[in-house]
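Worksheet: the structure to be examined is printed underneath.
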Amino acid sequence: MKSPRNHRAYWAFLGHRLSGLALGVFLPAHFYVLGLALEQQARMDAFLKFADMGAVKFGEWGLVLLLSIHMCFGLRLLALELLPWSTTRDARLSWISWGGVLSLCVGVIFALGVI
Amino acid sequence: MEATKAAQRTLKVRIARGTEDGNFTTYEVPWRENQTVLDVVTEVQRRIEPTLSYRFACRVGVCGSCAMTVNGKPRWTCRTHVSRVEEDGVIVIEPLRNMPRIKDLVVDMSEFFDKWKKAGSTFVGTATRHEPPAAVSPTSKKRKMADAAIECINCGVCYASCDVVAWDKEYLGPAALNRAWTLFNDERHADPKDVLKKATSGSGCNSCHTQGNCMTHCPVSLSPTGSIAGLKKNALLQFLKGGD
Amino acid sequence: MEQRLFALQRLSAMVMAPFVLVHLGIILYAVRGGLTAAEILARTQGSLFWIPFYSLFVISVAVHVPIGLRNILIEWARLSRGAASVCCFLFGLLLLSMGLRAVAAVGGLLS
Chain A
1 MKSPRNHRAY
11 WAFLGHRLSG
21 LALGVFLPAH
31 FYVLGLALEQ
41 QARMDAFLKF
51 ADMGAVKFGE
61 WGLVLLLSIH
71 MCFGLRLLAL
81 ELLPWSTTRD
91 ARLSWISWGG
101 VLSLCVGVIF
111 ALGVI
Chain B
1001 MEATKAAQRT
1011 LKVRIARGTE
1021 DGNFTTYEVP
1031 WRENQTVLDV
1041 VTEVQRRIEP
1051 TLSYRFACRV
1061 GVCGSCAMTV
1071 NGKPRWTCRT
1081 HVSRVEEDGV
1091 IVIEPLRNMP
1101 RIKDLVVDMS
1111 EFFDKWKKAG
1121 STFVGTATRH
1131 EPPAAVSPTS
1141 KKRKMADAAI
1151 ECINCGVCYA
1161 SCDVVAWDKE
1171 YLGPAALNRA
1181 WTLFNDERHA
1191 DPKDVLKKAT
1201 SGSGCNSCHT
1211 QGNCMTHCPV
1221 SLSPTGSIAG
1231 LKKNALLQFL
1241 KGGD
Chain C
2001 MEQRLFALQR
2011 LSAMVMAPFV
2021 LVHLGIILYA
2031 VRGGLTAAEI
2041 LARTQGSLFW
2051 IPFYSLFVIS
2061 VAVHVPIGLR
2071 NILIEWARLS
2081 RGAASVCCFL
2091 FGLLLLSMGL
2101 RAVAAVGGLL
2111 S
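Residue numbers (our numbering), protein chains in the order written: chain A, 1 to 115; chain B, 1001 to 1244; chain C, 2001 to 2111.
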């Protein structure tokens, strides 16, 4: 059975939504850790040391990737909705591939920085 | 021996029957190099299963009545060659998604058309019969945008393919909004602002998430995605300018 | 209401694009050679740039995220529009309060 969802624009939708969901769920934890800087710098440092672990760094890499993906696919949406379409089918599908590539590049730079 | 073997090649057709999900009956029809899915359904109904219910009209790809789900995708069955979609000699035929099922392959399209009206697709003229016909330039920007979306014959394939329609019962859907867009760009229409108001009412154009299932499956290559993007932009501008 | 939320969602997205770019940039720069609290705080405490920057970022996030989540709750969790609005409004308040507290924390505004 072929899926009617197996096309780029749908993956862009899914990528944008799932990355947004993951980031949204992550944010309260992020704000909490940053809040540790208040009087609990020792705890913050302890957390940052813990975050040096490979598994956590991998998670951070994932988050950086998710943020890039969310922004790239989001910018595509803004362009789609606000800029004129040159043809009826100009859903800027190429932006999806480029957005993915750009996000991976950001991820690579991050990985190089933490290795 | 070879000749008989070739003549006996068959196509297995799994057709959704009844009114409940998951009830399939498998039929076998002769394999032919050149047949459409509609040909196959018709053969099943005429020669094997007279109680099978399905819709068709023109059978040449201009009316949109024969739309069904074939191997998971909504399509016009008269325009779908079996050889293009069969998987290991099997095709699976179901009714269109997102519309209540009446029986077998027939669905109730009332809600589809209700939403068409709700989206602000009723033309209101401004001239009378005593005035000359409106001189609408086909090359004007607005007319080009309307023309790009005007060929919709309300077959329901886009509506069936849209996940937002499946997830949100109030969502007006791609066809209704696409039609509203053509009206918004019709310079003869009396109240384009009202079109935007209706297109954004309830779960309107702003609920579209640009998944693009509609433009991917439209049999006449329309793009409700583009039309809805146009509605979103104009509605946003109207909103920001205070024309709530 | 839906139109208002849509407008806020798109506007907050536009406002945030440069914030996200800068934030990604600073992340890529800061992780080199390991991250410590002291390093972060040296950059942010009392900063006339980072404090307003992150305050505005937090406010846009507190608008953008709940509206996006609301769609997910309505479409995937099948909540009613009213229930989804309430949940997300509360989540927005949570993000705003925790976020501004975080800005105050790293900006050295409260200790």
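Note that the Cβ used here is the ideal one computed from N, Cα and C, for glycine as well. The structure displayed is predicted, hence computed values, not measured ones.
Min CB distance residue i to chain B below 8 angstroms
| i | result |
| --- | --- |
| C/TRP2076 | yes |
| C/ALA2007 | yes |
| A/SER94 | no |
| A/LEU102 | no |
| A/ALA51 | no |
Below-8 angstroms beta-carbon distance, residue i vs any chain A residue
| i | result |
| --- | --- |
| B/ASP1244 | Residue placement at B/ASP1244 is poorly supported in this model, since its pLDDT is 49, which falls under 50; the coordinates still yield a value, given next. With 8 angstroms as the cut-off, B/ASP1244 does not count as an interface residue toward chain A. |
| B/GLY1212 | yes |
| B/LYS1012 | no |
| B/ALA1148 | yes |
| C/GLY2092 | no |
| B/VAL1139 | In the sequence as displayed, the identity of residue 1139 of chain B is Thr instead of Val. With 8 angstroms as the cut-off, B/THR1139 does not count as an interface residue toward chain A. |
| C/ALA2083 | no |
| C/VAL2117 | Look at the range of chain C in this structure, 2001 to 2111, and you will see that residue 2117 of chain C is not part of it. |
| B/GLY1072 | yes |
Within chain A, the residues that residue i reaches when beta carbons sit closer than 7 angstroms
| i | result |
| --- | --- |
| C/GLY2099 | PHE31 |
| C/ARG2043 | The premise fails here: C/ARG2043 is roughly 12 angstroms from chain A at the closest Cβ pair, so nothing lies under 7 angstroms. |
| B/LYS1142 | What B/LYS1142 touches in chain A: nothing, since even the nearest Cβ is about 12 angstroms away. |
| C/VAL2063 | Those within 7 angstroms of C/VAL2063 in chain A number zero; the least Cβ separation is about 12 angstroms. |
8 angstroms Cβ cutoff, residue i in contact with chain C
| i | result |
| --- | --- |
| B/PHE1024 | no |
| A/LEU48 | yes |
| A/SER86 | no |
| B/TRP1167 | yes |
| B/LEU1231 | no |
| B/LEU1237 | no |
| B/THR1200 | yes |
| B/VAL1195 | no |
CA-to-CA distance, residue j to residue i, given in whole angstroms
| i | j | result |
| --- | --- | --- |
| A/ARG76 | B/THR1026 | 45 angstroms |
| A/LEU80 | B/GLN1045 | 45 angstroms |
| A/MET71 | A/ASP90 | 20 angstroms |
| B/GLY1018 | B/MET1099 | 15 angstroms |
| A/GLY62 | A/ARG17 | 15 angstroms |
| C/LEU2011 | C/PRO2018 | 13 angstroms |
| C/LEU2008 | B/ALA1057 | 47 angstroms |
| B/ARG1075 | A/THR88 | 20 angstroms |
| C/GLU2039 | A/LYS57 | 18 angstroms |
| C/ILE2051 | A/LEU78 | 28 angstroms |
| B/SER1110 | C/GLU2075 | 23 angstroms |
| A/HIS30 | C/ALA2105 | 13 angstroms |
| A/GLY59 | B/GLY1125 | 60 angstroms |
| B/LYS1012 | B/GLU1086 | 9 angstroms |
| C/ARG2099 | B/ASP1186 | Position check: residue 2099 of chain C holds Gly in this sequence, whereas Arg was assumed. Near 48 angstroms, if we compare the C-alpha coordinates of B/ASP1186 and C/GLY2099. |
| B/ASP1244 | B/LEU1236 | A caution first: B/ASP1244 carries a pLDDT of 49, below 50, which makes its placement in the model too unreliable to give a value. |
| B/GLY1089 | B/ASP1147 | 40 angstroms |
| B/SER1137 | B/ARG1143 | 7 angstroms |
Cross-chain neighbours of residue i in chain A, by beta carbon under 9 angstroms
| i | result |
| --- | --- |
| C/ILE2145 | Examination of residue 2145 of chain C is not possible in this model, given that chain C is present from 2001 through 2111 alone. |
| B/HIS1209 | PHE13, HIS16, ARG17 and LEU77 |
Bridge partners - residue i, DSSP secondary structure assignment
| i | result |
| --- | --- |
| B/LEU1011 | B/VAL1029 |
| B/ALA1067 | B/TRP1076 |
| B/ALA1016 | B/PHE1024 |
| B/THR1122 | In the DSSP output, where bridge partners are listed per residue, B/THR1122 has none listed. |
| B/TYR1171 | B/SER1203 |
| B/ILE1091 | B/VAL1013 |
| B/THR1036 | B/HIS1081 |
| B/ARG1101 | B/VAL1107 |
Closer than 8 angstroms at the beta carbon, the chain A residues around residue i
| i | result |
| --- | --- |
| C/ILE2027 | VAL64 and PHE110 |
Within chain C, the residues that residue i reaches when beta carbons sit closer than 7 angstroms
| i | result |
| --- | --- |
| B/ASN1206 | GLU2002, GLN2003 and PHE2006 |
| A/SER68 | LEU2024 |
| A/GLY113 | LEU2028, VAL2031 and ARG2032 |
| A/GLY74 | ALA2013 |
Chain-ordered chain B contacts of residue i [CB-CB under 8 angstroms]
| i | result |
| --- | --- |
| A/ARG89 | MET1215, SER1221, SER1223 and GLY1226 |
| A/GLU60 | What A/GLU60 touches in chain B: nothing, since even the nearest Cβ is about 28 angstroms away. |
Proximal residues of chain C, C-beta to C-beta of residue i below 9 angstroms
| i | result |
| --- | --- |
| B/LEU1096 | Neighbours of B/LEU1096 on chain C: none; closest Cβ ~20 angstroms, over 9 angstroms. |
Contact set between residue i and chain C, taken where Cβ atoms lie within less than 8 angstroms
| i | result |
| --- | --- |
| B/LEU1252 | The question about residue 1252 of chain B has no answer here: the residues shown for chain B are numbered 1001 through 1244. |
Under 9 angstroms from the C-beta of residue i: neighbouring residues of chain D
| i | result |
| --- | --- |
| A/ALA55 | In the structure shown, chain D cannot be found, because the protein chains are A, B and C. |
Chain-ordered neighbours of residue i on chain B, where CB pairs are closer than 7 angstroms
| i | result |
| --- | --- |
| A/LEU78 | What A/LEU78 touches in chain B: nothing, since even the nearest Cβ is about 10 angstroms away. |
Practice prompt. Check whether the stretch 1210-1223 of chain B touches the stretch 1189-1202 of chain B, taking contact to mean three or more Cβ pairs, one atom from each stretch, closer than 8 angstroms.
Written response: Touching, no, given that fewer than three Cβ pairs across the two stretches are closer than 8 angstroms.
Worksheet item: Can at least three beta-carbon pairs, one atom from the stretch 1165-1185 of chain B and one from the stretch 1022-1042 of chain B, be found at a separation below 8 angstroms?
Response: no
Discussion item. Check whether the stretch 1060-1072 of chain B and the stretch 1089-1109 of chain B touch, using three or more Cβ-Cβ pairs below 8 angstroms as the test.
Written reply: yes
Worksheet item: Does the stretch 1214-1232 of chain B come within contact of the stretch 1143-1156 of chain B, defined as at least 3 CB pairs closer than 8 angstroms?
Response: yes
Discussion item. Does the structure place the stretch 1198-1206 of chain B close enough to the stretch 1104-1120 of chain B that three or more beta carbon pairs sit under 8 angstroms?
Written reply: yes
Fill in: Touching by the beta-carbon criterion (3+ pairs, under 8 angstroms), the stretch 2065-2076 of chain C and the stretch 16-30 of chain A
In this structure the stretch 2065-2076 of chain C lies against the stretch 16-30 of chain A, because at least three pairs of beta carbons, one per stretch, are closer than 8 angstroms.
Worksheet item: Counting pairs of beta carbons, one from the stretch 2045-2062 of chain C and one from the stretch 39-51 of chain A, are three or more of them closer than 8 angstroms?
Response: When Cβ pairs closer than 8 angstroms are counted between the two stretches, the stretch 2045-2062 of chain C is seen not to touch the stretch 39-51 of chain A, the count staying below three.
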